[in-house]
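Undergrad:
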Amino acid sequence: MATFTFSLCFLLLVHPSSSSSSSSSSSSPYLYPSTFSMNYNKMLTSFKVFIYPTTQRIIFFSPSASNFYESLINSAFITQEPEEADLFFVVFSPEISSRSQARLVRELRTKYPYWNRTLGADHFFISPEGIDFSSDRNALELKKNSVQISVFPTVSGKFIPHKDIGLSPVSKSSLVLSHAPVNMDRSCLGYLKWDGKTEAELVGELRLDSEFVVETEPLDQLGRVKSSKFCLFFYEAESTLDLTEAMAAGCVPVVIVDRPVQDFPLMDVLRWSEMALLIGNRRGGQGLKAVLSGVPEDRYERMRGLCVAAAHHMVWNAEPQAYDAFHMVMYQLWMRRHTIRYTRREEF
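Going by mature numbering (1 follows the signal peptide of the UniProt record, and there is no 0), the letters in the sequence shown line up with residues -19 to -1, 1 to 329, in that order.
So this is what it looks like as structure tokens:
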């Protein structure tokens, strides 16, 4: 394989406060552990969302997008009084064209006064794959100003850090979330559930190493995860669906990608830099093994503990439960309720 310049990219969208670096917060998965619970409770009691009326029957084929949408429209966060709302929800089909997006925004700014007050900065929408930039003023305001909720991982170029929100994938496993056994025998250095096509050369090298297990159709995936120190994921591959399962089982996620990842679920809430490794793929299996083998045991145990502590925030429930994936998306929206709009540009 080509010679590789390897880097571990840990990108935080929000700088941790001084408290997050103290010894008292070293076991917390949160960027701001001292204020998280207080802010979460404020969100529960005060956050209100107004949904613009629509005659369309909206169907999201993405499980996490569908779960979020159904949970939201049936939640106590919804208000029928727009003047009470902190944010406004723009509902449209995931298959809508950019021209139709522009027409929808034009209708909203004509019929209601709320869009023009902030140029859409206090609005949000769901687009599982993300929307593109457009030359049309209305569609561009939707893209640049409003909060996009998309599904992790998002297509490159369709996610704006600091503003947009990534939904955690729905795990296919029926795994019951509980603390991973402290003395679990982690006999395998790295486990990869492979889709049979991504990075075949790298996977071929890993298969020749007895410290790695690669499977395409695992008979006991949870067992493999629990017996592995690290779980490998190719960014933008289907295996990322199992991210939550790995974290809950205490298998530290390793995302194989050659660029920064800016759309992790709960990126501005969780300390991803201390829970996961981001590793480039160009050096091959030996380079990957060298990095994983070089993680000190105390650091590994800290990462594993943070993963287990954070996993329940990424679980979708048929009936939303406290601190689950639905409520954590609402928490991120609540944190964005005072977003400052982009400056109006004359060329619009």
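Think of the CB as a built atom: it goes at the ideal place given N, C-alpha and C, for glycine as much as any other residue. As the structure is a computational prediction, the values presented were derived from the model and not from experiment.
1) With three or more C-beta pairs closer than 8 angstroms as the rule, is the region 222 to 234 touching the region 138 to 153?
2) Which residues in the same chain have their Cβ closer than 6 angstroms to the Cβ of residue 115, if we skip the five residues on either side of it in sequence?
3) Quick check: what's the CA-CA separation for residue 287 versus residue 9?
4) Can you give the beta carbon distance from residue 194 to residue 210, rounded, assuming they're within the 8 angstroms contact cut?
5) Looking at the secondary structure, which residues open and close the alpha helix (DSSP H) in which residue 407 lies?
6) Where does residue 267 fall in DSSP's three states?
7) If you draw a straight line from the alpha carbon of residue 30 to that of residue 52, how long is it in whole angstroms?
8) For residue 111 versus residue 135, is the C-beta spacing smaller than 8 angstroms?
9) Mind reading off the beta-carbon distance from residue 106 to residue 127? Whole number of angstroms is fine, and I expect it under 8 angstroms.
10) Which residue from 113, 85 and 109 puts its Cα closest to that of residue 101?
11) Only counting runs of 4 or more residues, tell me where the alpha helix (DSSP H) segments fall wholly within the region 208 to 280, in order along the chain.
12) On the DSSP letters alone, give me the boundaries of the beta strand (DSSP E) that residue 71 sits inside.
13) Judging by CA-CA distance, which residue of 256, 265 and 294 is the nearest neighbour of residue 281?
14) Counting pairs of Cβ atoms below 8 angstroms between the region 242 to 260 and the region 290 to 310, do you hit three or more?
15) Does the distance from the C-beta atom of residue 74 to that of residue 39 stay below 8 angstroms?
16) Can you tell me whether residue 327 is buried or exposed, with buried defined as 16 or more other CB within 10 angstroms of its CB?
17) Using DSSP with H/G/I as helix, E/B as strand and the rest coil, what is residue 331?
18) Considering only residues of the same chain and omitting the five flanking positions on each side of residue 311, which have a CB-CB separation below 7 angstroms?
19) For residue 178, count neighbouring C-beta atoms within 10 Å of its own C-beta (all shown protein chains included) and say buried if the count is 16 or more, exposed if not.
20) Can the beta-carbon of residue 270 be found closer than 8 angstroms to that of residue 190?
21) Could you give the distance in angstroms between the alpha-carbon of residue 3 and the alpha-carbon of residue 251?
22) Between which two residues does the beta strand (DSSP E) containing residue 131 stretch?
23) Hey, would you say residue 186 sits closer than 8 angstroms to residue 265, going by beta carbons?
24) Short check: CB of residue 235 to CB of residue 216, under 8 angstroms?
25) I need the boundaries of the alpha helix (DSSP H) containing residue 54, first residue and last residue.
26) Taking Cβ positions, are residue 87 and residue 97 nearer each other than 8 angstroms?
27) Closest by CA to residue 50, which one among 214, 273, 16 and 131?
28) Using CA coordinates, which residue listed in 119, 109 and 182 is at the minimum distance from residue 43?
29) For residue 125, which three-state DSSP category applies?
30) Using 10 angstroms around the beta-carbon of residue 324, count the other beta-carbons present and answer buried if the total reaches 16, otherwise exposed.
31) For residue 72, which residues from the same chain have a beta carbon less than 7 angstroms from its beta carbon, with the 5 sequence-adjacent residues on both sides left out?
32) Quick one: is residue 183 buried, meaning 16 or more other Cβ sit within 10 Å of its Cβ, or exposed?
33) How is the beta strand (DSSP E) around residue 174 delimited, first residue to last?
34) Going by DSSP in three states, residue 198 sits in which element: helix, strand or coil?
35) Hey, how far is the Cα of residue 137 from the Cα of residue 47?
TA: With the structure as the only source:
1) Yes, the region 138 to 153 is in contact with the region 222 to 234.
2) Excluding positions up to five away in sequence, the list reads 79 and 121.
3) In this model, residue 287 and residue 9 are separated by some 7 angstroms (Cα to Cα).
4) Under the criterion of beta carbons closer than 8 angstroms, residue 194 and residue 210 do not qualify as touching, at roughly 11 angstroms.
5) What is shown of the chain runs -19 to 329, which leaves residue 407 out entirely.
6) In the structure shown, residue 267 sits in a helix (DSSP, three-state: H, G or I).
7) Residue 52 has its alpha-carbon roughly 13 angstroms from the corresponding atom of residue 30.
8) In terms of Cβ geometry, residue 111 and residue 135 form a close pair [threshold 8 angstroms].
9) At roughly 6 angstroms, the Cβ-Cβ gap stays under 8 angstroms, so residue 106 and residue 127 are in contact.
10) Relative to residue 101, the option among 113, 85 and 109 whose CA is nearest is 85.
11) Look at the region 208 to 280 and you find these whole runs of alpha helix (DSSP H), each 4 residues long or longer: 224 to 229 and 266 to 274.
12) Careful: residue 71 lies outside any beta strand (DSSP E) and carries neither H nor E.
13) Across the set 256, 265 and 294, the C-alpha of 256 shows the shortest separation from the C-alpha of residue 281.
14) Cβ pair count under 8 angstroms is three or more, so yes.
15) Yes, the pair counts as a contact, with Cβ atoms nearer than the cut-off.
16) Note that residue 327 scores 38 on pLDDT, short of 50, meaning its location in the model is unreliable; the coordinates nonetheless yield the value given after this. Burial call: exposed.
17) Missing from the structure shown is residue 331; the chain here goes from -19 to 329 and no further.
18) So the qualifying residues of the chain are 24, 28 and 58.
19) Exposed: under 16 other Cβ atoms inside 10 Å.
20) Cβ atoms of residue 270 and residue 190: closer than 8 angstroms.
21) Annotation note: pLDDT 47 at residue 3 (below 50); position unreliable, coordinate value reported separately. Their backbone Cα atoms lie some 16 angstroms apart in a straight line.
22) Its beta strand (DSSP E) spans residues 128 to 132.
23) In terms of Cβ geometry, residue 186 and residue 265 form a close pair [threshold 8 angstroms].
24) Their beta carbons are not under 8 angstroms apart, which means residue 235 does not touch residue 216 by this criterion.
25) 44 to 54 is the extent of the alpha helix (DSSP H) around residue 54.
26) No, the Cβ-Cβ distance between residue 87 and residue 97 is not below 8 angstroms.
27) Minimum Cα distance to residue 50 is reached at 131.
28) The option with the nearest alpha carbon to residue 43 is 109.
29) Collapsing the DSSP output to three states places residue 125 in a helix.
30) Reliability of the predicted coordinates at residue 324 is poor, the pLDDT of 42 falling under 50, and the value obtained from them is presented with this limitation in mind. Flag for residue 324 reads exposed.
31) Here the set comprises 32, 33, 35 and 39.
32) So residue 183 counts as buried.
33) Its beta strand (DSSP E) spans residues 169 to 174.
34) If DSSP states are grouped into helix, strand and coil, residue 198 belongs with coil.
35) Going from the Cα of residue 137 to the Cα of residue 47 covers about 22 angstroms.
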